[in-house]
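Engineer: Residue numbers (UniProt numbering): 1 to 329.
1. Who are the Cβ neighbours of residue 94 in its own chain at under 6 Å, not counting the five residues just before and after it?
2. Go through the region 238-274 residue by residue and report every complete run of the alpha helix (DSSP H) that reaches 4 residues or more, in order.
3. Leaving out the 5 sequence neighbours to the left and right, which residues in its chain are closer than 7 Å to residue 303 when beta-carbon positions are compared?
4. My understanding is that residue 187 touches residue 175, with C-beta atoms under 8 Å, so please give their C-beta distance in whole angstroms.
5. Counting only runs of 4+ residues fully inside the region 17-78, write out the alpha helix (DSSP H) ranges in chain order.
6. In three-state terms, what does DSSP make of residue 212?
7. Going along the chain, which residues of its own chain have a beta-carbon closer than 6 Å to the beta-carbon of residue 127, five neighbours each way excluded?
8. From which residue to which residue does the beta strand (DSSP E) around residue 174 run?
9. Less than 9 Å between the C-beta atoms of residue 221 and residue 207, yes or no?
10. Taking 8 Å as the threshold, find out whether the region 97-114 comes into contact with the region 50-67 through three or more Cβ pairs.
11. Considering only residues of the same chain and omitting the five flanking positions on each side of residue 264, which have a CB-CB separation below 7 Å?
12. Could you spell out where the alpha helix (DSSP H) holding residue 230 opens and where it closes?
13. Could you check whether the region 69-84 touches the region 275-289, counting it as contact only if at least three pairs of C-beta atoms, one from each stretch, sit closer than 8 Å?
14. Which residues in the same chain have their Cβ closer than 6 Å to the Cβ of residue 124, if we skip the five residues on either side of it in sequence?
15. Would you kindly report the start and end of the unbroken beta strand (DSSP E) that includes residue 202?
16. Just to check my reading of the structure: residue 137 and residue 48 have Cβ atoms closer than 8 Å, yes? What is that Cβ distance to the nearest angstrom?
17. DSSP has residue 149 in a bridge; who is on the other side?
18. Does the distance from the C-beta atom of residue 253 to that of residue 140 stay below 9 Å?
19. So residue 246 and residue 268 are in contact, right, with Cβ under 8 Å, and what is the actual spacing, rounded?
20. Helix or strand or just coil, what does DSSP make of residue 135?
21. Can you tell me the Cα-Cα spacing of residue 275 and residue 132, whole angstroms?
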């Protein structure tokens, strides 16, 4: 009788441990979250990202920017992807001035459609945002980041508060650092994340103030002349697609060339150049300029923190059928 009681207690204890493990995992991001529900999910995203990169190289940069703009504002919940539609009450975050120049949203739909064919209503748009950025970073020569998944999609837009979270190109370094600190990213991580400006381009509308009517004294004069050639008009016109590459030497490689340029006063945006002169950030700029491996390690660490900012998990939010709109049923 005593032996039977011990066995019963032992079985109950094992069951209790199992239930506690389930509960501890509930509501948290997990490695290989879709292993059971959609085993090929991450491979499908990787293949679609690679295919789009082969066809349109700039999509890789778009995916990184998507992650930044989505996760910096309240939550990594794909709110960025929501579009305004008659009668849906949504004001899209894409309409914010902070989102100027963002594009390729239509290709997110391609990735979502591929996942829906494999596993309907299973993979969230928020995870697509995160995992497509992860895979794009590798294609751009950056580090492989082991991201967890299990994010769910939000049902509201934060268009009204975007500017409270996304730093502007001419904000003070104090403000920029405070914005990143508010989501758990330290000074070293902030310097590394701004290294994403190693790839892509900047529209001239964000450069005119540094060039006209006089050249910003923190800007190398030869570089300023080059930028004037790219942006010859002193009157910004957003409809004119004029731009300058963030990095002339390796414009499609996520590397530490960005920091080397900062040390020679060739930072494209004011916020970039401030990194090299602000006392708290300058030492990290110098270290990253001299060590690409160090830069990539810190970039990976900071991006992982960014990708896990206040996600919706468990039964919160939903899995959108179409990343552009909340579900209606």
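Beta carbons are placed, not taken as given, at the ideal position from N, Cα and C, and that holds for glycine.
Structural biologist: Concretely, from the data shown:
1. none
2. 257-263
3. 145 and 193
4. About 13 Å separates the two Cβ atoms, so there is no contact after all.
5. 41-55 and 59-72
6. coil
7. 149 and 151
8. Looking at the DSSP string, residue 174 is not in any beta strand (DSSP E); the run it does join, the alpha helix (DSSP H), is 173-181.
9. no
10. yes
11. 220
12. 221-230
13. no
14. 151, 152, 153 and 319
15. 201-203
16. Their Cβ separation, rounded to whole angstroms, is 15 Å, which puts residue 137 and residue 48 out of contact at 8 Å.
17. 30
18. yes
19. 6 Å
20. helix
21. 28 Å
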